[in-house]
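In what follows, a single structure is set out as structure tokens and then discussed.
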Amino acid sequence: MKKMICSVVLTALMTALLMVVLLPVCGVHAEGKPLTMTYVGPATLSAGQSGDVLKTVINSTESGTVTYTLTDVARNTVIYQQEKNGVQAGDEITWQAPYDDAKLSAARTVKRVKASFRMDGKTYTYNLFYNYSAKDGTITIERAKWYYKNTACSFGPAFRDIRPGMTDKWYTFTPVDLTVQGRQTFEYVASNMYVIGEVYVDVAGDTVYVSYYNYYAEKEGRTKTLSEFFTFFHDLNSVTEVEPERMSDLGFHFGQPISIQNDLNGDTRVLLFVRNMVDYSNYPIDSVRFERYWPNLPERVTLRNAMERLMD
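For the sequence shown, the residue numbers in this note's numbering are 24 to 335.
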């Protein structure tokens with residue numbers, strides 16, 4: 024019988040100036056790509072135009088042509104394009120990229136902008152995401168952020184709060200009452216920062232199923248699951264390890280039936296521990312930002328307290 028074990032640069036439009044930050048491009052190119060981009064600052068242009076100054080450093084060992092194209096993908100329009108010929112290793116190019124304020128200031132939802140660079144016969148593309156929102160007569164542009172190899176757990180108390188010294192990570196667990204028939208739904212939280220989906224516990228008689236859902240998966244959302252792990256604990260006293268790499272033989276499989284009697288020794292008050300590894304963006308699709316996870320909101324405190332009362 025299985026032993027049970029159970030987780031842009033701030034942009035201000037001041038009268039006629041809109042700063043657009045291309046931080047996703049800055050120094051984040053993969054090794055081997057011939058270009059790096061750095062943001063220098065806002066461009067000083069004529070009235071009715073805004074822009075930014077970008078610096079490209081050439082890493083390639085060959086000379087060639089660099090074409091910089093900034094495209095509003097949602098509208099399928101080129102905002103800016105410029106070409107530099109005869110560039111070679113060590114060159115630094117400064118782009119003063121103007122944008123038509125009328126095109127940008129009308130936007131109030133997320134827009135996707137594509138910046139592409141052609142060098143040595145290859146095209147390197149960076150997708151940039153901005154959230155345009157009116158506030159106090161200004162427009163704030165927030166770039167999408169990407170989080171790689173981050174953990175995702177189901178909502179509940181944190182081990183580090185309940186059992187200080189066990190881990191310094193924000194792993195959470197979910198006390199569950201398995202006498203409740205049907206589906207119980209819990210928030211699925213990544214990086215202890217964003218609610219990226221839901222975790223489900225389905226009970227039918229003696230059988231339990233655990234599954235999860237990444238929000239916007241059906242729309243090809245930008246959350247990628249790298250690894251999965253979940254298990255159960257009888258109680259806190261049975262918790263001796265919380266790193267899945269050291270408990271792989273004690274885990275269960277998502278979507279597979281679990282017998283309360285045979286696999287959980289008849290225990291109906293258990294601690295569910297989900298700890299997946301994910302890559303994700305805080306904008307799962309162009310028009311939506313994940314809800315920020317604030318653990319101390321009154322409704323979450325109330326729910327967490329109720330969960331702790333379930334613990335043996």
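Heads up, the beta-carbon is just placed ideally off N, CA and C, and yes, glycines get one too.
A329 is bridged by DSSP to nothing; it lacks a bridge partner.
V231 is bridged by DSSP to V226 and I281. Rounded to the nearest angstrom, the Cβ distance from C176 to V212 is 6 angstroms, consistent with a contact under 8 angstroms. Nearest to D302 by alpha-carbon distance, out of V262, E251, H276 and F255, is E251. Looking at H276, L259 and T230, the one whose alpha-carbon comes closest to that of T197 is L259. Contact annotation: Y171 and F182 have beta-carbon atoms that are not nearer than 7 angstroms. Secondary structure at S250: strand, using DSSP grouped into helix, strand and coil. Under the three-state reduction of DSSP, E322 is assigned to helix.
Selection W169, E106 and G179 evaluated against L320 yields G179 as nearest (Cα-Cα). With a cut-off of 8 angstroms on Cβ pairs, the region 229 to 249 is in contact with the region 275 to 291, counting three or more such pairs. A direct Cα-to-Cα measurement between F296 and V199 gives close to 10 angstroms. Between F275 and Y235, the beta carbon gap of about 13 angstroms keeps them out of contact (Cβ cut-off 8 angstroms).
Looking at D309, D272, R332 and F255, the one whose alpha-carbon comes closest to that of L294 is F255. Its chain contains T230, V231 and Y232 as the residues whose beta carbon lies nearer than 8 angstroms to that of P280, once the 5 sequence neighbours on both sides are disregarded; these appear in chain order. G220 and N108 have their C-alpha atoms some 47 angstroms from each other.
The beta-carbon distance between N299 and T248, rounded to whole angstroms, is 6 angstroms. This is short enough to meet the 8 angstroms contact definition. A distance below 6 angstroms between beta-carbons, with the five flanking residues on each side excluded, links M330 to the following residues of its chain, in chain order: G179 and P198. In terms of CA proximity to V218, T246 leads the group D225, L201 and T246. Taking D290 as the centre and dropping the five residues before and after it, the same chain places the C-beta of H257 closer than 6 angstroms to its C-beta, in chain order.
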